[in-house]
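Worksheet: the structure to be examined is printed underneath.
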Amino acid sequence: MIKSIKKYLTIYYMFVRSCLIKEMERRGNFLLMSVTTTFLNLYFLFYYLVLADRMSNNFLGWSKNELLFFLGTEILCHSTFMATCFYNVFTLPDHVRTGSFDFLLIKPVNTRFLLSTRNFNFSTFSQILFGIALTTYSYIKLGFKFSLAKLLLFIILILNSVMIMYLIGFTLMCLAFYFTKISSYGSVLPYRGFFAIYWFARRPENIFSSHVIQLLTYICPVLLIVNLPCKWMIRSTSPKTIIWAFVFSILFFALSHILWKKGLQKYESASS
Amino acid sequence: MQIKVEKVVKDYKINSKERGLRGSVKGLFSREKKTIRAVNNISFSIEEGECVGFIGGNGAGKTTTIKMLSGLIYPSMGSIDVFNYNPAERKKGFKKQISLVMGNKSQLWWDLSAYESFNLQRVLYDIPKADFKKRMDMLTDSLNVATLIEKPVRNLSLGERMKMELIVSLLYNPRVLFLDEPTIGLDLNSQKNIRKFLHEFNQEYNTTILMTSHYLEDIESVCDRLMFIQKGKLIHDGSKDEIIQKFSQDVRVFIRYKSNIDIKDLPNGIKSIKPMDDGFELHINKEEYNGIIRMLLNMGDIDKIDIGGMSLEHVVEKIYGGE
Amino acid sequence: MQISKYVSIMKVSMQDNLEYRFNFFTTFIFMIAPLAVHICLWSTVYGVGVSKENLSNYSYQMMLTYTILGHCLDKFTGDVNLQLRVSSEIRDGVISKYLLLPVSYFNTNVSYLITNRLVYFVTLIVPYLAVIFCFRSQFMFNTEPLYYLVFIVAILMAIFISFMVNHLIALATFWLKDVTSLYVFTQSTFSFLAGGYFTLDLLPAWAFNLLMHTPFPYILYFPVAIYMKKMNPGQIQHYGLIACIWIVILLVLNAIVWKRGVKRYSADGM
Numbered sequence: 005m006i007k008s009i010k011k012y013l014t015i016y017y018m019f020v021r022s023c024l025i026k027e028m029e030r031r032g033n034f035l036l037m038s039v040t041t042t043f044l045n046l047y048f049l050f051y052y053l054v055l056a057d058r059m060s061n062n063f064l065g066w067s068k069n070e071l072l073f074f075l076g077t078e079i080l081c082h083s084t085f086m087a088t089c090f091y092n093v094f095t096l097p098d099h100v101r102t103g104s105f106d107f108l109l110i111k112p113v114n115t116r117f118l119l120s121t122r123n124f125n126f127s128t129f130s131q132i133l134f135g136i137a138l139t140t141y142s143y144i145k146l147g148f149k150f151s152l153a154k155l156l157l158f159i160i161l162i163l164n165s166v167m168i169m170y171l172i173g174f175t176l177m178c179l180a181f182y183f184t185k186i187s188s189y190g191s192v193l194p195y196r197g198f199f200a201i202y203w204f205a206r207r208p209e210n211i212f213s214s215h216v217i218q219l220l221t222y223i224c225p226v227l228l229i230v231n232l233p234c235k236w237m238i239r240s241t242s243p244k245t246i247i248w249a250f251v252f253s254i255l256f257f258a259l260s261h262i263l264w265k266k267g268l269q270k271y272e273s274a275s276s
Numbered sequence: 375m376q377i378k379v380e381k382v383v384k385d386y387k388i389n390s391k392e393r394g395l396r397g398s399v400k401g402l403f404s405r406e407k408k409t410i411r412a413v414n415n416i417s418f419s420i421e422e423g424e425c426v427g428f429i430g431g432n433g434a435g436k437t438t439t440i441k442m443l444s445g446l447i448y449p450s451m452g453s454i455d456v457f458n459y460n461p462a463e464r465k466k467g468f469k470k471q472i473s474l475v476m477g478n479k480s481q482l483w484w485d486l487s488a489y490e491s492f493n494l495q496r497v498l499y500d501i502p503k504a505d506f507k508k509r510m511d512m513l514t515d516s517l518n519v520a521t522l523i524e525k526p527v528r529n530l531s532l533g534e535r536m537k538m539e540l541i542v543s544l545l546y547n548p549r550v551l552f553l554d555e556p557t558i559g560l561d562l563n564s565q566k567n568i569r570k571f572l573h574e575f576n577q578e579y580n581t582t583i584l585m586t587s588h589y590l591e592d593i594e595s596v597c598d599r600l601m602f603i604q605k606g607k608l609i610h611d612g613s614k615d616e617i618i619q620k621f622s623q624d625v626r627v628f629i630r631y632k633s634n635i636d637i638k639d640l641p642n643g644i645k646s647i648k649p650m651d652d653g654f655e656l657h658i659n660k661e662e663y664n665g666i667i668r669m670l671l672n673m674g675d676i677d678k679i680d681i682g683g684m685s686l687e688h689v690v691e692k693i694y695g696g697e
Numbered sequence: 006m007q008i009s010k011y012v013s014i015m016k017v018s019m020q021d022n023l024e025y026r027f028n029f030f031t032t033f034i035f036m037i038a039p040l041a042v043h044i045c046l047w048s049t050v051y052g053v054g055v056s057k058e059n060l061s062n063y064s065y066q067m068m069l070t071y072t073i074l075g076h077c078l079d080k081f082t083g084d085v086n087l088q089l090r091v092s093s094e095i096r097d098g099v100i101s102k103y104l105l106l107p108v109s110y111f112n113t114n115v116s117y118l119i120t121n122r123l124v125y126f127v128t129l130i131v132p133y134l135a136v137i138f139c140f141r142s143q144f145m146f147n148t149e150p151l152y153y154l155v156f157i158v159a160i161l162m163a164i165f166i167s168f169m170v171n172h173l174i175a176l177a178t179f180w181l182k183d184v185t186s187l188y189v190f191t192q193s194t195f196s197f198l199a200g201g202y203f204t205l206d207l208l209p210a211w212a213f214n215l216l217m218h219t220p221f222p223y224i225l226y227f228p229v230a231i232y233m234k235k236m237n238p239g240q241i242q243h244y245g246l247i248a249c250i251w252i253v254i255l256l257v258l259n260a261i262v263w264k265r266g267v268k269r270y271s272a273d274g275m
């Protein structure tokens, strides 16, 4: 068992290392991506600040600094996801199309693991620093005191959020098995679906009516992704919601695994 | 220990749509499903250490069969047994004993050196470090690529890349090596080297080899047993010599005369005459052989004459021509 | 330029487009998400009691109309697949055939654009109308035929401008190795500048004026503003002229960049 864990960790380490080597060779691209992602984050900031400005510095009950903290949390979730999962979660259609999926299937190591961890992206990793800076700055400005326990749970909640994002993307990508006609731009479907869902997640929940908030926290719990860690730190949350966040991840993981297995069966009964 | 395939059938369902614009609009709402039988009742068994070649045209079912043997797809009907495993279950123990090399697809990391891919393989297949080093050195020496393993894979030539593919698939000492068109697109020299390597490897380590190819030279130089597949059916199965024997009641003669001899002047009773740029290629029945040869020799001064049994190429032509 | 050639291309690309029927249906579904979010946002904002004056004199009805129409138009004028398709065609060397055939790549893409937009329109007009119907009590319906005419012309200009801008960016594939990050960046930026995130009237006057001299607002904001009668005929003429100038500039830019790109392509033997 320990040996197994060690083996998977070694494989993960080898993947991360080779991605680092690869990216260091393309420094221009690294820089370009860091710059562009920063800009994209700034648009959102601009958008909310303009609105907050128009509404006498109070965006539906959120002060400017609270908005900044929210954005910082969003950047942390988003960039961690991009660094670890994004380039893996949507690559399945490409693997199937080029035939490299066969090689993943044939290795004596869990195929899902190989698929989900193969790429690690360092250029979006730089955004994590930006997110940390933003959250720290606004947290201090809001007058909160530092608390290790609070911070730890914050980090765990963010990791949980990244897991949920991974599961959303992965589940959508399993659809690739069912639509064998994957063209070079048909594979953007899961990607677009993911961002359609993420649209709901990356807003402060106050923009929704209370009924919708309930819906989006418990039934289609996208608000667990960014709003929950954010509220934990600067506002208030109920323990019920936090526990539900973890329970949901586990349930969703189980569901995604069933879809994956079923998808594999479909793949095995067909061919290119 | 062996590989056993019994009455295996593989069907695919595809969407069929009518041609043209009208068909596309119709296709928006409903599509007919057609079933295609890619593999039609194939049975054979292979002993450990054998070298088997699959020959067949495109779409004959060769790649499908290999994929079923390696567990990538499962058969619609029938059973497959590889070393007492069912490939479709894809058990770990099974995966560690097989290896798959596909001619036009690569499993190496494109931006890194081949060594990195070897190292990854070491971890994936739990190869002990000492064995890994020994085997890697042995393989890279046999294929003459020891100096190239640190180069990024994208900078290697196609032939060198193929050699690395072979190495990465043999590092963990599999019992059977499945090859799907391994020499496709390679230059002559690389093809020769790889064929030589495979043949010698099989002789020395008794690794079972199963190879599909379009190139008859591949099959000829590496394999001793041939299976002919056409439209999903196994139409012939036997050793190289057996098959040539079976089909070569004819003698093949290539003849070139010093003077210009017309095709009409050639003696009667020759089974088939093929005019070439520099002479004639004749197929003569064994019984008629002596008489006809004497007549040919008397027809004029001979510049070149070449007599032999049927080559594999002719056998293949004949087999596929006859169907 | 033989029209019949391009008609054949259109026929084939129509079939090509119809193959990806799933693509169209999902585009609509994915349009719903941002739309829903923005509608919730404005409902809550106006519900809380923010006054019209703070929001550039936009009443709730106006804001809602802008949001719905804006989203519908956004998906209609911009073809997300164009850039990916052009990129892959350049990278895979498919454009070589255009260098040999007596057909221009740009014109072929225009033919493809026409069919693509036609199919989109036919497929999505019903869902669009359904969405508007859901909000019919709040939606501001324009009843003057002249405005509709100008509106349609503005939409056609918007499609063409959006196409040329995206095509131009896609030609960067000749020089850059990794264009996907460029696309993500430009698509978001242009969407922002076109008024896709929020109505450009919310910007300060200097920013608004500056922006109207770029081609972007003509992709989204301009047609919608016409429909909502936000502009008087004088302004429409003024901005319409700017849009036309940009069309010419973009045509020329596309031609120049294409020539340079092909030179590089042939020199490098990509």
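Chains as they are written, first to last, in this note's numbering: chain A, 5 to 276; chain B, 375 to 697; chain C, 6 to 275.
Ideal Cβ positions, reconstructed from N, Cα and C, are used throughout, including at glycine.
Note that this is a predicted model, so its numbers are computed, not measured.
Counting other Cβ atoms within 10 Å of its Cβ, D511(B) stays below 16 and is therefore classed as exposed. Ranked by Cα distance from M585(B), the first of L443(B), P502(B) and D385(B) is L443(B). V383(B) sits close to V413(B), with the two beta carbons spaced by under 8 Å. As summarised for the region 19-63 of chain A, the continuous alpha helix (DSSP H) elements at least 4 residues long and confined to that stretch are 31-58, given in chain order. Within the same chain, Cβ atoms closer than 6 Å to the Cβ of K387(B) are found at K407 and T409, the five residues on either side in sequence being excluded. K408(B) sits in a strand when the DSSP states are folded into three classes. Here the alpha carbon of F81(C) sits roughly 11 Å from the alpha carbon of F165(C). Closer than 9 Å at the C-beta level to chain A, one finds these residues of the region 443-459 of chain B: S444, G445, L446, I447, Y448 and S450. A straight-line Cα-Cα distance of about 17 Å links K570(B) and K614(B). Exposure of T140(A) is indicated by the presence of fewer than 16 other C-beta atoms within 10 angstroms of its C-beta. For secondary structure counted as the alpha helix (DSSP H) over 4 or more consecutive residues, the region 543-625 of chain B holds these complete runs in sequence order: 562-579, 590-596 and 614-621. For T14(A), the chain B residues whose C-beta falls within less than 7 Å of its own C-beta are V497, listed in chain order. Interface with chain B (8 Å Cβ-Cβ cutoff): V113(A) is included. Neighbourhood of S193(C) in chain A, by CB distance below 7 Å: L44 and Y47, in chain order.
Across the structure, L187(C) and N123(A) are spaced so that their CA atoms are roughly 20 Å apart. For the pair F174(A) and S104(A), the CB atoms are not nearer than the 8 Å cut-off.
Rounded to whole angstroms, the gap between the alpha carbons of F126(A) and L600(B) is 51 Å. According to the DSSP assignment, L60(C) belongs to no beta strand (DSSP E), since it is labelled neither H nor E. In this structure, the beta-carbon distance from V550(B) to L572(B) does not fall below 8 Å. Beta bridge pairing from DSSP links D680(B) with F628(B). Within its own chain, the residues whose Cβ lies closer than 8 Å to the Cβ of L53(A), once the five positions on either side in sequence are excluded, are K68 and L71, listed in chain order. Within chain A, the residues placing a beta-carbon under 8 Å from that of K469(B) are I110, K111 and P112, ordered along the chain. As computed with DSSP, V382(B) is found in a beta bridge with I416(B). Between L522(B) and E534(B), the C-beta gap is smaller than 8 Å, which places the two residues in contact. N114(C) is a Cβ neighbour of H172(C), given a cutoff of 8 Å. By the Cβ criterion, the region 497-509 of chain B is not in contact with the region 26-38 of chain A, since fewer than three pairs of Cβ atoms, one from each stretch, lie closer than 8 Å.
Pairing M86(A) with F129(A), the inter-Cα distance amounts to about 8 Å. Using a Cβ-Cβ cut-off of 8 Å, G103(A) does not count as an interface residue toward chain C, since no Cβ of chain C sits closer than that to its own. Taking each of G682(B), K645(B) and N493(B) in turn and checking the Cα distance to Y17(A), the smallest one comes out for N493(B).
When DSSP states are grouped into helix, strand and coil, E94(C) belongs to the helix group.
With a beta-carbon spacing of about 5 Å, F602(B) and I429(B) fall inside the 8 Å limit used to define contacts.
For A212(C), no chain A residue has a Cβ inside 7 Å of its Cβ, as the nearest lies near 10 Å away. Counting along the chain, E209(A) sits inside no alpha helix (DSSP H), nor does DSSP assign it H or E at all.
DSSP places W180(C) outside both helix and strand once states are collapsed to three, so it counts as coil. Look at G239(C) here: in three-state DSSP terms it is helix. In the structure shown, V158(C) adopts helical secondary structure according to DSSP, grouped into three states.
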